[in-house]
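Counting from 13, one number per residue, gives the positions in the sequence shown under our numbering.
We put the CB at the ideal spot given by N, CA and C, even for glycine.
As structure tokens, the structure follows; a few thoughts come after it.
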Amino acid sequence: MTLAHPGPRMTGDGRREANAAAVLRTVLDHGPVARSGIAGLSGLSPAAVSRQCTDLARLGLVREVPGLASSGAVGRPQVPVDLHTADGGPVAAGVHIGVPASTFGIVDLRGRVLARQVFPHDGIAAEQLQDQVLGALREFVTASAAGRPVLGVGAAMGGWIEPGGGTVVRHDLLGWRGRPLGAALAARLGMPAGVDNHARAIAQSEILFGRPAARRSLVHLFVGNVVDAAVGIAGVVHRGPRSGAGDVAHLPVPDSTVVCGCGRAGCLGATASDTATAHTAVRRGILPVPDAALLVEAAAAGDARADRLLRERARAVGRAAALLMDVLNPDLVVVTEMSSLREPAYLEEIRGAAVDLSHVCDDPERVVGPHAGRDVLPVAAGTVVLSPLFRRPLRTAGEPSAQSGHTPETIDDASAMGAG
């Protein structure tokens with residue numbers, strides 16, 4: 013494992029940073045693309061594009077692709093520029109910390125997974141979980157980065173996460189309160205670290221790497237052991253005061269009568285979370301132990317009762333999505349839910365229920381799964397590092413790789429892009 017070369021710290025007004033970000037995002041969207049093409053697409057002058065390409069190449073973020081140079085035109089051949097995703101190019105490390113397991117990943121600058129590993133939490137005491145996960149993550153990154161520069165490590169997880177301080181404010185199922193996870197990550201792995209809620213991280217990955225409509229507006233609904241949501245408008249993911257936005261566990265699901273621990277009936281978490289669904293499977297005699305992954309496997313193996321329960325869950329998720337659609341009317345509703353990632357029929361159930369109940373959406377194609385499919389978790393974790401890179405590439409890639417006591421350049425789109 014090597015750390016990304018810190019490069020020179022960039023100073024001066026914000027225009028240079030903004031221009032570099034415009035060039036980098038243009039290359040992300042259109043690369044490989046010639047400098048003249050970047051100028052036309054970004055609105056920057058050819059001279060500004062040339063300067064920014066030089067800076068970005070020095071940081072290892074872009075490279076020329078001579079083999080794709082245009083020929084036959086008047087003047088010098090146009091050598092296109094692309095993100096440096098080839099061997100030797102920088103990568104981002106990430107970890108999604110779930111309840112039953114953590115998922116490690118290495119992703120390139122286009123958010124493509126180069127390596128991944130699942131680290132089960134079975135048999136690990138709660139007070140030892142963070143230490144065990146970070147130790148295993150360090151071993152994974154050392155073995156999997158293959159000598160490529162590592163820009164940093166991102167952590168995505170459920171619950172209330174405050175990215176600015178890298179703090180897990182509250183994660184009920186893990187019993188974490190006020191935990192400085194970002195500082196622990198940076199110290200343990202010796203590189204820049206960031207932390208964010210997984211619903212927001214997935215929403216940001218859709219904006220960066222997913223469907224074009226996601227940049228206009230999207231709602232992301234995450235249904236796992238933790239139930240969260242995120243809203244993105246004009247490329248900015250909303251956080252709210254202290255980054256507390258997104259808790260939809262107690263969103264009422266139409267027609268649900270399941271009693272929640274809060275005392276009310278029909279809450280989304282009590283109706284459709286992995287935990288709730290797995291316990292329902294045990295009560296119905298489908299499973300001997302409450303395990304949502306086993307339920308999905310049983311349905312895939314042909315168990316009609318398991319399939320029926322997962323379809324019930326999917327329809328409940330769809331009804332909840334309809335409420336969010338009617339309030340926000342986004343271009344896209346992205347649903348991350350285990351069974352629909354594995355079997356498209358469950359996504360169709362979600363779509364059908366959402367469109368049937370919604371008063372503003374009659375197009376089921378606006379309800380989609382995450383663009384990364386079953387790689388959604390490692391991509392989300394890597395996006396915690398990549399999002400600030402594409403917002404502020406000179407500052408982010410030019411930072412020293414070791415941090416002490418705080419997280420460097422965590423996702424903070426509200427401050428970078430205006431109110432969110």
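The beta carbons of Arg228 and Asp338 sit about 18 Å from each other, so the pair does not count as a contact at 8 Å. When the Cα atoms are used, Ala195 and Gly178 turn out to be separated by approximately 7 Å. For Thr269, the closest of Val91, Gly258 and Gly281 by C-alpha to C-alpha distance is Gly281.
Contact between Ala213 and Val91 does not hold, since the beta-carbon distance rounds to 35 Å and is not under 8 Å. With 16 or more neighbouring CB atoms inside 10 Å of its own CB, Asp120 falls in the buried class. Within the region 139 to 180, the complete beta strand (DSSP E) segments at least 3 residues long are 161 to 169 and 172 to 174, listed from N- to C-terminus. Annotated as proximal: Asn341 and Val372, with beta-carbon spacing under 7 Å.
Taking a cut-off of 8 Å for Cβ pairs, the region 141 to 158 and the region 101 to 110 touch, as three or more such pairs fall below it. By the Cβ criterion, the region 256 to 271 is in contact with the region 319 to 336, since at least three pairs of Cβ atoms, one from each stretch, lie closer than 8 Å.
The criterion of a C-beta distance shorter than 7 Å is satisfied by Ala32 and Pro405. Thr154 counts as exposed, since fewer than 16 other beta carbons sit within 10 angstroms of its beta carbon.
The region 94 to 102 and the region 350 to 359 do not touch, with fewer than three beta-carbon pairs separated by less than 8 Å. Apart from the 5 residues on each side of it in sequence, Arg37 sits with its Cβ closer than 6 Å to the Cβ of Phe402 in its chain, given in chain order. Runs of the alpha helix (DSSP H) spanning 4 or more residues and lying entirely within the region 363 to 411 occur at 388 to 403 and 405 to 409, in chain order.
Looking at the backbone, the Cα of Arg386 and that of Leu353 are separated by about 6 Å.
Phe234 sits close to Thr348, with the two beta carbons spaced by under 7 Å. The beta carbon of Pro132 is closer than 8 Å to those of Pro112 and Ala113 in its chain, skipping five residues each way along the sequence. Spatial neighbours of Gly123 in its own chain (CB-CB distance under 8 Å, excluding positions within 5 residues in sequence) are listed in chain order as Ser217, Leu220, Phe221, Ala384, Val391, Gly394, Thr395 and Leu398. Secondary structure of Leu280 (DSSP, three-state): helix. In the three-state reduction of the DSSP assignment, Asp99 falls in the coil class, being assigned neither a helical nor a strand state.
When the Cα atoms are used, Ala312 and Val301 turn out to be separated by approximately 18 Å.
Burial state of Pro382 is buried, judged by a 10 Å Cβ sphere holding 16 or more other Cβ atoms.
Looking at the DSSP output, Pro132 sits in a beta bridge with Ala113.
Between Arg276 and Met169, the alpha-carbon positions lie close to 26 Å from each other. At a cut-off of 4 residues, the continuous stretches assigned as alpha helix (DSSP H) that sit fully inside the region 235 to 289 are 280 to 284.
Counting only runs of at least 4 residues, the region 307 to 346 fully encloses the following alpha helix (DSSP H) elements, listed from N- to C-terminal order: 316 to 340.
In this structure, the beta-carbon distance from Val294 to Ser351 does not fall below 7 Å. Per the DSSP secondary-structure output, Leu230 pairs in a beta bridge with Gly244 and Leu344.
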